[in-house]
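Protein chains in written order, with my numbering: chain P, 1 to 457; chain X, 1 to 265.
Each residue gets a CB set at the ideal place from its N, CA and C atoms; glycine is no exception.
Below: one structure, written as structure tokens.
Structure below.
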């Protein structure tokens with residue numbers, strides 16, 4: 001009760017009580033799938049906390065130094081100051097390695113949580129009017145998260161991440177007309193450059209986090225302003241939101257989820273090795289490590305490069321280098337379609353009405369089928385990004401693996417589209433025919449050995 | 001109402017405890033001794049140790065079908081004239097020969113088919129067929145691991161991987177993992193280039209010893225950072241991130257997000 005005079009003192013000056021009262025009563029629908037976005041948010045919190053720690057020790061400098069730390073296999077070798085600082089962080093800074101590993105695992109889970117959250121939004125039609133703006137903000141956040149991941153992956157300046165930078169450089173110079181100018185602008189010259197590491201650092205710790213955190217705040221503000229959408233469960237209508245208040249129910253759920261998310265990330269970072277840069281060694285322009293993959297969320301981009309046949313189109317004296325189509329055009333189209341989806345769907349269906357109630361995936365067979373097909377394209381491209389590892393695991397020649405995936409990238413999404421559409425239709429028609437959702441049936445075994453259905457009460 | 005709560009608490013406690021333990025472990029692992037001595041290489045037999053005539057007898061029984069009765073080679077197997085003791089010793093001691101896979105496939109490591117004395121005899125016979133590399137005697141040197149790492153990354157890692165866990169090479173060939181390769185076998189492989197592997201005989205003996213020392217270091221030294229999940233980079237890392245990371249969190253989401261008012265009927 002001692003706090004009350006102080007709170008009153010603050011409220012008399014800022015007048016926040018009414019605002020806080022409304023905020024504490026904000027209704028959260030009671031469904032687990034509404035927590036997926038929160039998982040991404042909590043991963044971001046862990047990323048910021050561990051990231052600040054790492055920034056205290058990281059040196060964004062490509063100058064050559066001689067490694068003299070405790071890791072014998074690199075002692076005496078010429079490495080960049082950036083690589084040297086990550087080695088020091090890993091082996092000499094107290095808790096440095098576990099912080100680095102938690103940061104890296106949190107990054108992988110962060111993007112995974114965003115993707116799962118995105119899938120929930122997509123398959124339930126939560127992007128429809130009035131939530132198109134927040135869909136656009138969300139796509140922006142996904143792009144920022146990918147940019148964060150790719151810039152962070154490259155900071156240790158090890159052989160693996162240097163290989164990734166080389167691929168990025170090659171894709172950028174493949175853009176017709178502007179490619180070489182753009183690549184020189186970004187990298188500060190022809191690859192490899194000494195400028196790139198410090199530039200990536202500025203993007204990774206300053207510009208991109210500011211945009212990402214700002215974007216998250218906008219994302220949440222719009223959510224609060226528009227209120228949650230909800231499933232068509234008991235009592236839910238287009239006019240209300242059924243659920244539980246922010247205080248106390250949701251606060252406890254979210255706090256528990258935050259702590260457990262952090263616990264899982266600490267578990268991974270503490271127990272499972274990730275990105276052992278001491279094994280890869282420092283970046284060296286004359287050497288390439290194998291197998292070389294980006295982190296999972298960029299694997300589909302690498303996979304597209306690996307699958308696309310080496311075709312170079314020359315027309316009217318203009319050459320379109322082969323990495324341009326899989327490396328720039330394809331991701332551009334993929335993100336273009338994703339960004340415009342709410343508007344494309346509204347245009348195709350003629351449905352411009354407001355929707356507060358969510359769809360079940362089966363209720364929109366075409367959308368669900370498109371989503372599954374898109375997801376399958378992503379999965380197969382991701383597999384293609386690891387084609388040499390997949391080939392090793394299944395003892396298949398790499399060339400055969402590539403050809404199998406070239407067929408699969410066309411056939412599997414088409415097949416997935418057809419099967420998904422068919423299943424959704426069947427489920428939906430069956431429900432239409434009976435007029436109601438059919439729950440589970442309870443059976444009783446009779447003395448004679450037969451079964452009879454117990455009527456629902 | 002009372003039922004699931006203790007389970008939830010238990011889960012939360014278990015995760016927290018595991019997280020805390022996890023946060024402390026790798027520090028200990030990272031600071032683990034790096035000065036432990038490398039495993040000494042087991043000395044292999046020299047060609048002169050074996051009995052050429054006894055080797056010839058075994059050769060006729062077990063090898064001549066493919067390599068010909070004087071080791072001159074047939075349509076089924078290459079000539080062994082001039083391959084040297086190093087090649088015979090490597091192929092026999094890694095169990096790659098006698099070959100029992102389907103024709104055209106790669107010979108892989110398996111337990112040796114012969115005992116030590118028989119292998120010495122066979123090596124002596126093959127060595128006597130012509131002039132070829134003798135069995136090397138690599139010297140392990142802990143001070144050479146840095147030079148070895150540099151050479152390994154430049155020459156070996158492109159196929160065997162930076163952590164020597166193996167990798168896929170074009171044409172269906174696989175560069176094997178080196179976890180079971182002895183120092184002598186690593187040195188032999190560099191001299192003879194078995195299968196798809198190039199011959200690295202241009203490396204000096206010092207360089208060869210450095211590479212062998214680094215491979216032994218990889219095999220024997222503790223790998224910092226916790227459980228190694230393949231040491232081949234982002235593919236297993238992404239898999240673990242999704243399945244174990246997001247998977248565990250989704251379990252939490254399902255538990256936390258369920259309707260605690262009771263059954264929904």
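query                                                                                                                                                                           : result
Assuming contact is defined by CB atoms lying nearer than 8 Å, are residue 109 (chain X) and residue 120 (chain X) in contact in what I supplied?                               : no
Determine the closest residue to residue 238 (chain P) out of P:32, P:359, P:88, with distance taken between C-alpha atoms.                                                     : P:359
Evaluate the contact criterion for the segment 394-407 of chain P versus the segment 356-373 of chain P: three or more CB pairs, one atom per stretch, below 8 Å.               : no
Along the segment 132-155 of chain P, where does the CB come closer than 8 Å to a CB of chain X? Name the residues.                                                             : none
For the segment 166-208 of chain P, list the alpha helix (DSSP H) runs that are entirely contained and at least 4 residues long, ordered along the chain.                       : 179-187, 196-202
Within this structure, are the beta carbons of residue 277 (chain P) and residue 156 (chain P) separated by less than 8 Å?                                                      : yes
Can you find the residues in the same chain that come closer than 8 Å, C-beta to C-beta, to residue 27 (chain X), ignoring five residues on each side of it along the sequence? : Only weak support is given to the placement of residue 27 (chain X): the predicted model assigns it a pLDDT of 39, under 50, and the question is left unresolved by the model.
According to DSSP, is residue 90 (chain P) helix, strand or coil?                                                                                                               : helix
What's the call for residue 46 (chain P), buried or exposed, on a 16-neighbour Cβ count within 10 Å?                                                                            : buried
I want to verify the contact list: residues of chain P whose CB lies under 8 Å from the CB of residue 228 (chain X), in sequence order.                                         : 273, 276
Does residue 202 (chain X) come within less than 8 Å of chain P when only Cβ atoms are used?                                                                                    : no
Run down chain X in chain order and give the residues with a C-beta less than 8 Å from the C-beta of residue 399 (chain P).                                                     : 170, 171, 172
With a 10 Å radius around its C-beta and 16 neighbouring C-beta atoms as the bar for buried, classify residue 100 (chain X) as buried or exposed.                               : exposed
Shorter than 8 Å from the beta carbon of residue 140 (chain X) to some beta carbon of chain P?                                                                                  : no
How about residue 65 (chain P) and residue 86 (chain P): are their beta carbons less than 8 Å apart?                                                                            : no
What did DSSP end up calling residue 250 (chain P) once you bin it into helix, strand or coil?                                                                                  : helix
DSSP state of residue 287 (chain P), grouped into three classes?                                                                                                                : coil
Hey, how far is the Cα of residue 122 (chain P) from the Cα of residue 244 (chain P)?                                                                                           : 24 Å
Mind checking residue 143 (chain X): buried by the 16 CB within 10 Å criterion, or exposed?                                                                                     : exposed
Name, please, each residue of chain P whose Cβ falls closer than 8 Å to the Cβ of residue 258 (chain X).                                                                        : 32
Return the CA-CA distance between residue 73 (chain P) and residue 125 (chain P), expressed in angstroms with no decimal places.                                                : 54 Å
Write down the C-beta distance between residue 290 (chain P) and residue 167 (chain X) rounded to the nearest angstrom, noting that I regard them as a contact closer than 8 Å. : 5 Å
By Cβ distance, which residues of its chain are closer than 6 Å to residue 107 (chain X), with the 5 residues on each side in sequence left out?                                : 96, 99
Given residue 161 (chain P), which residues of its chain have a CB within under 6 Å of its CB, disregarding the five upstream and five downstream residues?                     : 153, 154
Using a beta-carbon distance cut-off of less than 9 Å, what residues from the segment 287-318 of chain P approach chain X?                                                      : 287, 288, 289, 290, 291, 292, 293, 294, 295, 296, 297, 298, 299
Residues in its own chain within less than 7 Å of residue 96 (chain P) by CB, not counting five upstream and five downstream?                                                   : 57, 89, 90
Pick helix, strand or coil for residue 237 (chain P), following the three-state DSSP scheme.                                                                                    : coil
Could you name the residues of chain X that residue 253 (chain P) contacts, counting a contact when the two beta carbons are closer than 8 Å?                                   : 256, 257
If we count the other Cβ atoms within 10 Å of its Cβ and call it buried at 16 or more, is residue 296 (chain P) buried or exposed?                                              : buried
Express the C-alpha separation of residue 301 (chain P) and residue 52 (chain P) in angstroms, rounding to a whole number.                                                      : 29 Å
Sorry if obvious, but does the Cβ on residue 126 (chain P) come closer than 7 Å to a heavy atom of the ligand ADP?                                                              : Summarising the ligand content, the structure contains no ligands, and the ligand ADP is consequently not present.
Decide yes or no for the touch test of the segment 136-151 of chain P against the segment 368-383 of chain P: beta carbon pairs closer than 8 Å, at least 3 of them.            : no
Residue 220 (chain X) by DSSP, collapsed to three states: which one?                                                                                                            : helix
Would the segment 342-351 of chain P count as touching the segment 215-223 of chain P if we require 3 or more Cβ pairs under 8 Å?                                               : no
Checking contacts by CB at 8 Å: is residue 176 (chain X) closer than that to chain P?                                                                                           : no
Measuring only between beta-carbons, confirm whether residue 280 (chain P) sits less than 8 Å from chain X.                                                                     : yes
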